[in-house]
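> I have a structure here, written as structure tokens, and I will follow up with some questions on it.
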Amino acid sequence: MVDDDGSGTPQDYDYRSYWSSLHDRGGLSAVGQQALSDRINGWLYKTRRRNLRSFAKAQGLRGGRMLEVGVGTGYWIDLWHELGYQVDGCDLVDTAVERLRDEHPESRFWQGDVSSPDGIAGPAEGGPDDGYDLVAAIDVLLHVTDDERFEQALANLAALVRPGGYLLLAEPVMSLAKSQPRYHPANSSRARILKNYRRPLREAGFRFVTVAPTTVLANNPIEARTPRRLAAYRRWWQVVRGASAHPWRCAVVGPVMYAADPLLARVGEAPTSKLVLFRRRRAPRPQAG
10 MVDDDGSGTP QDYDYRSYWS SLHDRGGLSA VGQQALSDRI NGWLYKTRRR
60 NLRSFAKAQG LRGGRMLEVG VGTGYWIDLW HELGYQVDGC DLVDTAVERL
110 RDEHPESRFW QGDVSSPDGI AGPAEGGPDD GYDLVAAIDV LLHVTDDERF
160 EQALANLAAL VRPGGYLLLA EPVMSLAKSQ PRYHPANSSR ARILKNYRRP
210 LREAGFRFVT VAPTTVLANN PIEARTPRRL AAYRRWWQVV RGASAHPWRC
260 AVVGPVMYAA DPLLARVGEA PTSKLVLFRR RRAPRPQAG
């Protein structure tokens with residue numbers, strides 16, 4: 010999710026210590042909105058989970074072998090199983106990997122840095138020889154703030170998808186803006202424009218399939234078709250943040266968000282996180298000659 014800690018980061022972003030400290034804290038706020046309570050994060054995740062399930066079914070993402078990169082607490086694993094996938098996973102944090110191995114002995118988990126020049130392929134034994142039917146990275150690449158490491162991360166993800174397989178990203182992709190926020194060494198997340206995902210993946214042999222809202226109301230808004238709409242989404246987000254510290258408010262705001270989000274998503278506007286789907290071509294594109 011897009012960071013919304015309300016304060017900014019006082020020191021340069023060290024992604025290894027950042028994620029290790031969050032996992033030590035535990036709870037959904039460790040992988041969601043860090044400034045909000047686990048209770049409101051529960052509603053945020055519940056809303057996004059339903060939307061992701063609907064998207065996956067609409068796009069025919071069902072069954073086979075899949076890899077979730079940045080698997081974290083394992084929140085999405087049950088959903089992948091529901092969709093018929095045999096799940097493997099990797100994560101930056103060793104303790105997260107160890108816990109998931111205990112909780113899901115039927116799956117393979119390993120430690121890996123999505124932006125490593127050495128790639129993120131797991132142990133050879135037990136993995137599919139030709140890649141995965143689906144590789145998913147949910148709220149991962151936004152935390153790779155350096156451009157060179159971002160492109161390396163995309164290449165690493167692409168390398169694990171079999172011909173004809175899919176790459177699914179959930180990211181704060183800016184589809185309306187023509188330019189993206191500049192890199193700042195203190196920021197732990199960064200929104201990027203859609204072409205910064207499409208161009209490297211096209212060169213890696215992927216075609217763009219579609220983009221859809223991950224959510225309308227269950228994340229920090231960053232864009233809208235008009236300034237008035239963006240202001241409205243930001244007022245709503247202030248309501249969500251204000252409800253976090255008050256259980257009775259959360260009990261009202263959470264269900265309203267859950268009920269209204271899919272209705273607003275049908276309009277097609279996605280002011281925050283988006284689901285972006287790519288498919289690897291079954292054969293290389295013919296070279297112009």
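Take 10 as the starting number for the sequence shown in this note's numbering and just add one per residue. Here a beta-carbon is modelled for each residue, glycine too, at the ideal position from N, C-alpha and C.
What separation, rounded to the nearest whole angstrom, lies between the Cα atoms of Met75 and Leu143?
Computed Cα separation, rounded: 5 Å.
> Leaving out five residues on either side along the sequence, give the residues of the same chain with a beta carbon under 8 Å from the beta carbon of Glu91.
Taken in chain order, the residues that qualify are Arg62.
> Cα-Cα, which of Thr104, Pro114, Asp103 is closest to Asp97?
It is Pro114 whose Cα lies nearest to the Cα of Asp97.
> Given a threshold of 16 other Cβ atoms within 10 Å of its Cβ, counted over all protein chains shown, does Arg117 qualify as buried or as exposed?
Its Cβ being crowded by 16 or more others within 10 Å, Arg117 is buried.
> Less than 9 Å separating the beta-carbons of Ser198 and Pro181?
Yes, the pair counts as a contact, with Cβ atoms nearer than the cut-off.
> In whole angstroms, give me the CA-to-CA distance for Lys66 and Ser282.
Straight-line Cα distance between these residues: approximately 19 Å.
> Does the Cβ-Cβ distance between Leu226 and Val261 come in under 9 Å?
For Leu226 and Val261, no; Cβs fall outside 9 Å.
> Mind checking which residues open and close the alpha helix (DSSP H) that includes Val265?
Val265 -> alpha helix (DSSP H) spans 256–274.
> Does the Cβ-Cβ distance between Trp85 and Ile129 come in under 9 Å?
The answer is no: Cβ separation not under 9 Å.
> Return the chain-ordered list of same chain residues with a C-beta closer than 6 Å to the C-beta of Arg9, the five sequence neighbours on each side being excluded.
In the structure as shown, the chain begins at 10 and stops at 298. Residue 9 is therefore absent and cannot be evaluated.
> On the premise that Arg291 lies in contact with Pro132, defined as a C-beta separation below 8 Å, what is that separation, rounded to the nearest angstrom?
Actually they are not in contact, since the Cβ atoms of Pro132 and Arg291 sit about 27 Å apart, beyond 8 Å.
> Give the DSSP-derived three-state secondary structure of Leu163 in the structure shown.
Looking at Leu163 - three-state DSSP - the assignment turns out to be helix.
> How would you write the range of the beta strand (DSSP E) that Tyr94 sits in, first residue to last?
Counting along the chain, the beta strand (DSSP E) containing Tyr94 begins and ends at 94–100.
> Between Arg71 and Gly93, is the Cβ-Cβ spacing less than 9 Å?
Cβ distance < 9 Å, so Arg71 and Gly93 count as in contact.
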